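Quick note on numbering that gives the first Met the number 0: the sequence shown kicks off at 0 and runs consecutively.
We put the CB at the ideal spot given by N, CA and C, even for glycine.
Note that the coordinates shown come from a computational prediction; the quantities given were computed from them, not determined experimentally.
Working notes, beginning with the structure itself.
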Amino acid sequence: MALTTVTAAIVSGMMVSGGGPAVAHAVVETSARSATASLRSDLEKYLDAQGAKDHFSAVSLRVTYGDQRPDISVDAGTFRYGGGRPVNSRALWQIGSNTKAFTSVLLLQLEAEGKLSIRDKLGKWLPQYPAWRDVTIKQLLSMTSGIPSYTEQNAFLKDFDANPSTRFTLDRLMSYVEGLPLGPATYEYSNTNYLLAQMIVERASHDTYHERLAERIIEPLGMNDTCLPPDCPPDTASRMPTPYSTHSVLPNLNKPLPRLRLSWAQGAGGLVSSLKDMSAWDRALYSGQLLPSAQQRELKSLVSAKTSKLIKSVTADDPIGFGLGVVKLAHPVTGTVWAYEGATYGNRVLHMYFPKTGMIIALAVNSAVGEGDTLPDLAGTVYKTLAAQKAHALPRHQ
0 MALTTVTAAI VSGMMVSGGG PAVAHAVVET SARSATASLR SDLEKYLDAQ
50 GAKDHFSAVS LRVTYGDQRP DISVDAGTFR YGGGRPVNSR ALWQIGSNTK
100 AFTSVLLLQL EAEGKLSIRD KLGKWLPQYP AWRDVTIKQL LSMTSGIPSY
150 TEQNAFLKDF DANPSTRFTL DRLMSYVEGL PLGPATYEYS NTNYLLAQMI
200 VERASHDTYH ERLAERIIEP LGMNDTCLPP DCPPDTASRM PTPYSTHSVL
250 PNLNKPLPRL RLSWAQGAGG LVSSLKDMSA WDRALYSGQL LPSAQQRELK
300 SLVSAKTSKL IKSVTADDPI GFGLGVVKLA HPVTGTVWAY EGATYGNRVL
350 HMYFPKTGMI IALAVNSAVG EGDTLPDLAG TVYKTLAAQK AHALPRHQ
């Protein structure tokens, strides 16, 4: 399904990187060059193995560190399937459900300013949906509202499949689920939640979602490559690899998709960005640069994807916790990471943030799949390569 989150151990087989003393600048440069070459080999092998099966032509990687080591950007493939110009680090991507954390942050900032509470009920802000009047904003953001997802409805899928360039309004998107029964208040991923959250941002701020994003997040962080279509710079589409879909629920879409027709996703998954901007955003998000401490704690408050209960942290037995648009994972080898994979019907963008080291791994490919997504496997391969390179760069004791 498009606009999904990571719901399984994302980095199987990763190795834990050890600590050690700082290395000399020359050694760091040599190590970075060696890592880049190894990572390029990883991406090329992945493209060779999966590109035809999943119908993608481009894969990009960016690694950023929490210390002074330089960023690493590696790309493989071309902007369109079957050939064309090589993809590069300036490429832009549909980031899918990575957008959800932006929406959550906007609401939490409004809460910090006293303009709303995430414990407010929808009846206060969106009385036009009386069947959902007792659902709280927090339940929307934590995926525990019970409101069905519009992207799971056959009527929506049929309409999108018939014309991917359709300009969907919020009212039309909501029409696909209005009148459906409300489910239990347990964890269930629903993109409708974040359209409703977008509406509350606009109602509480007396401004558009696009303007709030620009003023509160995109401009302060200098995210010049990030935009919400159709409000994007003129060269945006030319910097985007052609999106492709192999979704079985959309049988007519094994063909190129529009790059900037994302009105069907909006505050649930409509942003376009670069991996450079995404990494800057992720660092600000997880390090607390965007919210007061109280709201940062709320952002990271977790519901178990397994039991739907509130949990303080994740464990090996209960490894996936959904926060307010963020996901925390417990892996038996790497320990705890924050990770999210956003998918539209034509792109997949995955990031992982390692809180102990501040390292961020961001990956993107220009196709979407239903089952059998292997992008998390590539993330594991990348982690192994980086861990091996770090081990080789450390001074050897005589």
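Would a C-beta distance cut-off of 8 Å place residue i and residue j closer than the cut-off?
{"i": "residue 87", "j": "residue 242", "result": "no"}
{"i": "residue 433", "j": "residue 59", "result": "Here the chain comprises residues numbered 0 to 397, so residue 433 is not present and cannot be evaluated."}
{"i": "residue 322", "j": "residue 95", "result": "no"}
{"i": "residue 172", "j": "residue 139", "result": "no"}
{"i": "residue 246", "j": "residue 82", "result": "no"}
{"i": "residue 244", "j": "residue 367", "result": "yes"}
{"i": "residue 162", "j": "residue 267", "result": "no"}
{"i": "residue 104", "j": "residue 358", "result": "no"}
{"i": "residue 337", "j": "residue 326", "result": "yes"}
{"i": "residue 43", "j": "residue 75", "result": "yes"}
{"i": "residue 287", "j": "residue 301", "result": "no"}
{"i": "residue 388", "j": "residue 56", "result": "no"}
{"i": "residue 382", "j": "residue 97", "result": "no"}
{"i": "residue 309", "j": "residue 318", "result": "no"}
{"i": "residue 324", "j": "residue 99", "result": "yes"}
{"i": "residue 34", "j": "residue 385", "result": "yes"}
{"i": "residue 46", "j": "residue 130", "result": "no"}
{"i": "residue 205", "j": "residue 230", "result": "no"}
{"i": "residue 343", "j": "residue 313", "result": "no"}
Does DSSP put residue i in a helix, a strand or coil?
{"i": "residue 93", "result": "strand"}
{"i": "residue 376", "result": "helix"}
{"i": "residue 80", "result": "coil"}
{"i": "residue 353", "result": "strand"}
{"i": "residue 169", "result": "helix"}
{"i": "residue 71", "result": "strand"}
{"i": "residue 122", "result": "helix"}
{"i": "residue 243", "result": "strand"}
{"i": "residue 109", "result": "helix"}
{"i": "residue 368", "result": "coil"}
{"i": "residue 129", "result": "helix"}
{"i": "residue 156", "result": "helix"}
{"i": "residue 386", "result": "helix"}
{"i": "residue 362", "result": "strand"}
{"i": "residue 15", "result": "Here residue 15 scores only 27 on pLDDT, less than 50, and its place in the model should not be relied on; the value that follows carries that caveat. If DSSP states are grouped into helix, strand and coil, residue 15 belongs with coil."}
{"i": "residue 150", "result": "helix"}
{"i": "residue 102", "result": "helix"}
{"i": "residue 381", "result": "helix"}
{"i": "residue 25", "result": "For residue 25, the predicted model reports a pLDDT of 40, less than 50, meaning its position is unreliable and no value from the coordinates is stated."}
Using a Cβ cut-off of 8 Å (strictly closer), state whether residue i contacts chain B.
{"i": "residue 82", "result": "Although the question refers to chain B, the structure presented lacks it and comprises just one protein chain."}
Closest to residue i by CA distance: which of the options is it?
{"i": "residue 79", "options": "239, 203, 116", "result": "239"}
{"i": "residue 160", "options": "169, 311, 150", "result": "150"}
{"i": "residue 256", "options": "54, 102, 265, 128", "result": "54"}
{"i": "residue 360", "options": "370, 282, 152", "result": "282"}
{"i": "residue 101", "options": "289, 182, 143, 65", "result": "289"}
{"i": "residue 250", "options": "324, 156, 214", "result": "156"}
{"i": "residue 263", "options": "381, 168, 385, 209", "result": "168"}
{"i": "residue 228", "options": "31, 192, 272", "result": "272"}
{"i": "residue 154", "options": "176, 141, 170", "result": "176"}
{"i": "residue 50", "options": "385, 381, 364, 384", "result": "364"}
{"i": "residue 279", "options": "46, 64, 56, 182", "result": "64"}
{"i": "residue 179", "options": "148, 209, 158", "result": "148"}
{"i": "residue 92", "options": "261, 253, 33", "result": "261"}
{"i": "residue 296", "options": "304, 285, 303", "result": "285"}
{"i": "residue 166", "options": "124, 118, 265", "result": "265"}
{"i": "residue 215", "options": "85, 306, 112, 73", "result": "112"}
{"i": "residue 351", "options": "277, 128, 115", "result": "277"}
Could you name each continuous alpha helix (DSSP H) segment of 4 residues or more that falls completely within the segment 33–69, going from the start of the chain to the end? none
Quick check: the segment 62–72 against the segment 369–378, are there 3 or more CB pairs under 8 Å? no
Scan the segment 261–315 and note each continuous beta strand (DSSP E) run of 3 residues or more that stays entirely inside, going in chain order. 301–303
Touching by the beta-carbon criterion (3+ pairs, under 8 Å), the segment 257–264 and the segment 199–209: no
Taking 8 Å as the threshold, find out whether the segment 124–134 comes into contact with the segment 216–235 through three or more Cβ pairs. no
Could I get the ranges of all uninterrupted alpha helix (DSSP H) runs contained in the segment 190–234, with 4 residues as the minimum, in chain order? 191–204, 208–212
Sequence ranges, beta strand (DSSP E) only - wholly within the segment 316–350, length at least 3: 319–321, 326–330, 334–342
For the segment 291–299 against the segment 102–117, do three or more pairs of beta-carbon atoms, one drawn from each stretch, fall closer than 8 Å, so that the two count as touching? yes
Three Cβ pairs or more, each shorter than 8 Å: is that satisfied between the segment 141–150 and the segment 178–188? yes
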